[in-house]
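Asker: Provided herewith is a single structure, encoded as structure tokens, for subsequent inquiry.
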Amino acid sequence: MNAHNSQSFAPINIRQFLISARDAGYELAEGFSEIVDNAIQAQASRIDILIEEKNGEVNAVYFCDNGTGMDAVTLRKYLRLGESGSWLSDKGISKYGVGAKMSAYNTGLRIDAYSRKPGESDLLHTHYDLEELMAADEACDIPEPTPSVPNLLTLPADANTIISWSKLDKWPTQRLSTVTTNLHYELGRIFRKFINMGLKLTLNGQDIKSFDPTLQLSGTLNDEILSKSYLGEDAPLKHFGPTFICQNEPLMEVDGEVATLTVVLAPEEVTRRAGMGGDALAKALKLKSNQGNVSFLRSGREIGYSNIPGGFGRGVLAEDRFISIEVSFSPKFDTHFGTRMVKRGVEAKGTMRKILKEKLKIYVGVANKMLRQRWDDAPTSVDFDQVEVAVERLETLFNKTAALTGNQEDQQNKMRRLVELATESGLTDDEVNDYCNRKIERPFILNQVSNLPHNTFLDFEQNADQTIIRVNEEHSIFRTVWKPLYEVTQATDDDLKLLNPADTAKFSLQSLNLMLIAFARIELSTDEWAEELNHLIDQVELKK
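Residue numbers (our numbering): 1 to 544.
Below, the structure is given as structure tokens:
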């Protein structure tokens, strides 16, 4: 094309665009997250965010990371919109090369960038200032990097990149303490997977802890809140895991990668009873924020936490705050989820939207019914009593002497231990007597408990001629195999119509796998066990 005059007809007026882009609508946590993204992409294991306040006003924010750093050429390009080493990549968490700049201009007028490669002593520096741009007649170039040190009193020794925002004319008007509290929660939720895998992320010297609205991850701020509430201020951290309605349910496959859906119901320590979803504990766990929302994770990083209009096949209910939903996908699914240039929000499209809504309608319905059963005091403990009766019959066939009553001292010891087990289970005095009378002659006692070490599934104890088996209800095998199967047995006919038979079959197969492993171990240590087992199967109707 030939220019007929000196006027530029470039497809963008960069000067006006940069000033207009200040209204892109970034929330503060979203803007901070863009800088954290870049640090993670640069393989940083530690990221420190420092908010500098003088005379009651925030005048600068510093982001320091120990990643791979940038050389002079890369550092200068860093401040250019659209420059990214992962531009349009379907790997990692960065893609367009605009977020770090756009988010900065949504908060302040100036960005300063300092960086060095690992092992180098001098930091190189460049900047871009919208005040300078507005005062000029045309767009200003990004200055060539020169050696310089940021005006920061507590510069981390291992920092290889420091990004600074200043001239913060659009900083939030809330008190700084309120802003930092919200940032801890938001950043802990957005980067929960990375923090849980070892990323150290701090804000003004305080660790940002992973916050998982689905309660799947252990060692989170959620666990800390619940442990302090139920076990005491100084108690060891305990994981309060959810009940899985579906776990990593495939939604769609693209080029060998799968987008998945997980729906969970919060544990009883969270749901408690109807009407408690707004008390102090509920507020600490941010339950209201969870109501009807879906957490969308792209490469493990949350890029959206919002509802899907009509996604449940009904309106959003108050009790939906106890039901958590997580959708995980890789960048290969960006077109299916409408991933945006500024990583703000998600909108499932086309076939993906249809599949997601159909599954949510089913699984959220099941979760809601389970919650109402729980609140209506429906039994939620696995019924081991029927198991013990069946085992008693098996034991009678297997060992003719098992049903004989032992001496008086053995009986007293057995009774004493049974009372302890009943008390451990939280039974009343009347229930304790009934429990002991039912259990006294049984060769095996199965008890559901919550006070075993987290990684212990089964605890075995000999009580005279009885074997006591304590089952840890906090263990993942119990939560993902035993309990879901039991809840299926308690479902009504209407509930069963909503269940996915594939999930039920999966739980059953997992149970059978555990049984086969146990049988194999016995076969290795006991002569002729297989023959004895066949003999028992022939003589006992296990369905009764």
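Cβ coordinates follow ideal geometry from the N, Cα and C atoms, glycine included.
#1: Taking one C-beta from the stretch 430-440 and one from the stretch 473-489 each time, how about it: are there three or more such pairs within less than 8 angstroms?
#2: So for Trp375, helix, strand or coil by DSSP?
#3: May I have the straight-line CA-CA distance separating Leu287 from Asp37, to the nearest angstrom?
#4: Looking at Lys193 and Gly67, is the spacing between their C-beta atoms short of 8 angstroms?
#5: Pick out the complete alpha helix (DSSP H) segments inside the stretch 150-208, 4 residues or longer, and give them in chain order.
#6: Under a three-way DSSP split, which group does Ile298 fall into?
#7: Checking the sheet assignment: what are the DSSP bridge partners for Val258?
#8: Counting C-beta neighbours from all protein chains within 10 Å, is the total for Lys101 16 or more, i.e. buried, or is it exposed?
#9: By DSSP, does Thr271 sit in helix, in strand, or in coil?
#10: Quick check on Tyr230: buried or exposed, where buried means 16 or more other Cβ atoms within 10 Å of its Cβ?
#11: On a Cα-Cα basis, can you pick out the residue from Gly69, Thr107, Asp137 that is closest to Ala113?
#12: Counting only the same chain and skipping the five closest in sequence on each side, list residues whose C-beta sits under 6 angstroms from that of Leu226.
#13: Hey, could you find the ends of the beta strand (DSSP E) His127 is sitting in?
#14: If you draw a straight line from the alpha carbon of Met352 to that of Arg372, how long is it in whole angstroms?
#15: Under 8 angstroms between the Cβ atoms of Ser164 and Pro150?
#16: CB-CB under 8 angstroms to Asp545, same chain, minus the five flanking residues each way: which ones, in chain order?
#17: In its own chain, which residues sit with a C-beta less than 8 angstroms from the C-beta of Lys349, not counting the 5 before and 5 after it?
#18: In whole angstroms, give me the CA-to-CA distance for Leu109 and Leu261.
#19: Give a yes or no on contact between the stretch 204-221 and the stretch 174-185, applying the rule of three or more CB pairs nearer than 8 angstroms.
#20: State the CB to CB distance for the pair Asn222 and Asp212, rounded to an integer number of angstroms; the pair is presumed to be in contact (CB under 8 angstroms).
#21: Quick one, which of Arg116, Ser45, Leu155, Ala135 has its alpha-carbon nearest Val61's?
#22: Leaving out five residues on either side along the sequence, give the residues of the same chain with a beta carbon under 8 angstroms from the beta carbon of Ile308.
#23: Spatial neighbours of Ser218 within its chain, please: C-beta separation below 7 angstroms, excluding the five flanking residues on both sides.
#24: Taking all protein chains shown into account, do 16 or more other C-beta atoms lie within 10 angstroms of the C-beta of Arg298, making it buried, or fewer, making it exposed?
#25: Whose CA, out of Ser103, Asp141, Phe296, lies closest to the CA of Lys170?
#26: Note the first and the last residue of the continuous alpha helix (DSSP H) segment covering Arg76.
#27: Return the CA-CA distance between Gln174 and Ala367, expressed in angstroms with no decimal places.
#28: Excluding sequence positions up to five away, which residues of its chain have a Cβ less than 6 angstroms from the Cβ of Ala422?
#29: Pick helix, strand or coil for Tyr363, following the three-state DSSP scheme.
#30: Roughly how many angstroms lie between the CA atoms of Val387 and Arg321, to the nearest whole one?
#31: I need the boundaries of the beta strand (DSSP E) containing Glu347, first residue and last residue.
#32: Whole angstroms are fine: how far does the CA of Leu124 sit from the CA of Glu144?
#33: So, with DSSP's three-state summary, where would you put Pro147?
#34: How should Met197 be labelled, buried or exposed, when 16 other C-beta atoms within 10 angstroms of its C-beta is the threshold for buried?
#35: For the alpha helix (DSSP H) that contains Val488, what are its first and last residues?
#36: Quick check: what's the CA-CA separation for Val258 versus Val264?
Answerer: In brief:
#1: no
#2: Along the sequence shown, one-based indexing puts residue 375 at 375. Note: Trp375 maps to helix in three-state DSSP.
#3: The residue given as residue 287 occupies position 287 in the sequence shown. The residue given as residue 37 occupies position 37 in the sequence shown. Approximately 26 angstroms, taken between the alpha carbons.
#4: Numbered from its first residue, the sequence shown carries residue 67 at position 67. Numbered from its first residue, the sequence shown carries residue 193 at position 193. No, the pair does not count as a contact, with Cβ atoms beyond the cut-off.
#5: 176-190, 192-196
#6: As a first step, residue 298 is located in the sequence shown; it is residue number 298 there, counting from the start. This sequence places Arg at residue 298; Ile is not what is there. It is a strand residue.
#7: Numbered from its first residue, the sequence shown carries residue 258 at position 258. Val258 pairs with Glu253.
#8: Locating residue 101 in the sequence shown gives position 101, where the first residue counts as 1. Buried, by the Cβ-count rule.
#9: Numbered from its first residue, the sequence shown carries residue 271 at position 271. Note: Thr271 maps to helix in three-state DSSP.
#10: In the sequence shown, counting from the first residue as 1, residue 230 sits at position 230. It is exposed - the Cβ of Tyr230 has fewer than 16 other Cβ atoms within 10 Å.
#11: Stepping through the sequence shown from its first residue, residue 113 is reached at position 113. It is Gly69.
#12: One-based indexing of the sequence shown puts residue 226 at position 226. If we look at Leu226 and ignore the five residues flanking it on each side, its Cβ neighbours are Phe240, Glu269.
#13: For this step, residue 127 is matched to residue 127 along the sequence shown. Taken as a continuous stretch (DSSP letters only), the beta strand (DSSP E) holding His127 covers 124-129.
#14: By 1-based counting over the sequence shown, the position of residue 352 is 352. By 1-based counting over the sequence shown, the position of residue 372 is 372. Rounded to whole angstroms, Met352 to Arg372 spans 30 angstroms at the Cα level.
#15: Position 164 of the sequence shown holds residue 164. Position 150 of the sequence shown holds residue 150. Going by C-beta atoms, Ser164 is nearer than 8 angstroms to Pro150.
#16: Residue 545 lies beyond the stretch modelled for the chain, which goes from 1 to 544, so this question has no answer here.
#17: In the sequence shown, counting from the first residue as 1, residue 349 sits at position 349. These residues qualify, in order along the chain: Thr335, His336, Phe337, Gly338.
#18: Counting from 1 along the sequence shown, the entry for residue 109 is found at position 109. Counting from 1 along the sequence shown, the entry for residue 261 is found at position 261. Distance between the alpha carbons of Leu109 and Leu261 is about 40 angstroms.
#19: yes
#20: Taking the sequence shown and counting its residues from 1, one reaches residue 222 at position 222. Taking the sequence shown and counting its residues from 1, one reaches residue 212 at position 212. That belief holds up - the Cβ atoms of Asn222 and Asp212 are roughly 6 angstroms apart, short of 8 angstroms.
#21: Numbered from 1 along the sequence shown, position 61 holds the residue referred to as residue 61. It is Leu155.
#22: Within the sequence shown, numbered from 1, the residue matching residue 308 stands at position 308. Closer than 8 angstroms at Cβ, skipping near neighbours: Val294, Ala348, Arg353, Leu356, Lys357, Leu360.
#23: For the purposes of this step, residue 218 is taken as the residue at position 218 of the sequence shown. Once the five neighbours on either side are set aside, the close Cβ partners of Ser218 are His239.
#24: On the sequence shown, residue 298 is found 298 positions in, with the first residue counted as 1. Burial call: buried.
#25: Counting from 1 along the sequence shown, the entry for residue 170 is found at position 170. The candidate whose alpha carbon is nearest that of Lys170 is Ser103.
#26: In the sequence shown, residue 76 corresponds to position 76, counting from 1. Element bounds for Arg76: 72-78.
#27: Taking the sequence shown and counting its residues from 1, one reaches residue 174 at position 174. Taking the sequence shown and counting its residues from 1, one reaches residue 367 at position 367. Distance between the alpha carbons of Gln174 and Ala367 is about 37 angstroms.
#28: By 1-based counting over the sequence shown, the position of residue 422 is 422. Once the five neighbours on either side are set aside, the close Cβ partners of Ala422 are Val432, Tyr435.
#29: Residue numbering aside, residue 363 sits at position 363 when the sequence shown is read from its first letter. Looking at Tyr363 - three-state DSSP - the assignment turns out to be helix.
#30: If you number the sequence shown from 1, residue 387 lands on position 387. If you number the sequence shown from 1, residue 321 lands on position 321. At Val387 the pLDDT is 49, less than 50, meaning the model places this residue with poor confidence; the figure from the coordinates comes in the next sentence. Those two C-alpha atoms are separated by around 35 angstroms.
#31: Numbered from 1 along the sequence shown, position 347 holds the residue referred to as residue 347. That residue, Glu347, is in no beta strand (DSSP E); it is neither H nor E in DSSP.
#32: Residue numbering aside, residue 144 sits at position 144 when the sequence shown is read from its first letter. Residue numbering aside, residue 124 sits at position 124 when the sequence shown is read from its first letter. Approximately 9 angstroms, taken between the alpha carbons.
#33: Walking along the sequence shown from the start, residue 147 turns up at place 147. Here Pro147 sits in strand by DSSP.
#34: The sequence position of residue 197 within the sequence shown is 197, counting from 1. Met197 should be labelled exposed.
#35: Counted from its first residue, the sequence shown places residue 488 at position 488. Residues 483-489.
#36: The sequence position of residue 258 within the sequence shown is 258, counting from 1. The sequence position of residue 264 within the sequence shown is 264, counting from 1. Between Val258 and Val264, the C-alpha separation is close to 19 angstroms.
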